[in-house]
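**Q** Just so you know, the sequence shown maps onto residues 39 to 127 in the working numbering.
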Amino acid sequence: MSLAIIGIKETILKYGQNEKNTGKTEVQIALLTNQINHLQLHFSQHKKDHCNRRGLLNMVSKRRKLLNYLKKKNISCYTKLIKSLNLRR
Numbered sequence: 039m040s041l042a043i044i045g046i047k048e049t050i051l052k053y054g055q056n057e058k059n060t061g062k063t064e065v066q067i068a069l070l071t072n073q074i075n076h077l078q079l080h081f082s083q084h085k086k087d088h089c090n091r092r093g094l095l096n097m098v099s100k101r102r103k104l105l106n107y108l109k110k111k112n113i114s115c116y117t118k119l120i121k122s123l124n125l126r127r
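Dropping the structure here:
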């Protein structure tokens, strides 16, 4: 198994109750955060990659929408998730 798949499964197990619970809002936010962090490393080396930059901006906006939804529905999970992912909000 590749390291990326192992990282995804660990993230799903950490933020969802089991490995099948991928639709949970916290899991989706954590997976998007991992992808965003990976793309930020990519852009440090490839500054002129504008096609992937558009994908990064889409991921950031999707994560922001999910965070706003979680904040409305469950503020305690929201604050716990923000602290565990080290997001500045």
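Ideal Cβ placement from N, Cα and C applies to all residues, glycine included.
Please state whether DSSP places N72 in a helix, a strand or coil.
**A** helix
**Q** Could you tell me which whole alpha helix (DSSP H) segments of length 4 or greater appear in the stretch 48 to 114?
**A** 63 to 83, 88 to 111
**Q** Distance check for R92 and N59, CA to CA, integer angstroms please.
**A** CA-to-CA, the gap between N59 and R92 works out to about 28 Å.
**Q** Does the beta-carbon of L108 have 16 or more other beta-carbons within 10 angstroms, so that it is buried, or is it exposed?
**A** buried
**Q** Using DSSP with H/G/I as helix, E/B as strand and the rest coil, what is L7?
**A** In the structure as shown, the chain starts at 39 and stops at 127, and residue 7 therefore has no counterpart that could be examined.
**Q** Where A68 and K85 are concerned, what is the direct C-alpha to C-alpha distance, given to the nearest angstrom?
**A** 25 Å
**Q** By Cβ distance below 6 Å, which residues in the same chain neighbour Y53 in space, the five residues on each side in sequence not counted?
**A** E64, V65, A68
**Q** Alpha carbon to alpha carbon, what distance is there between S114 and G45?
**A** 25 Å
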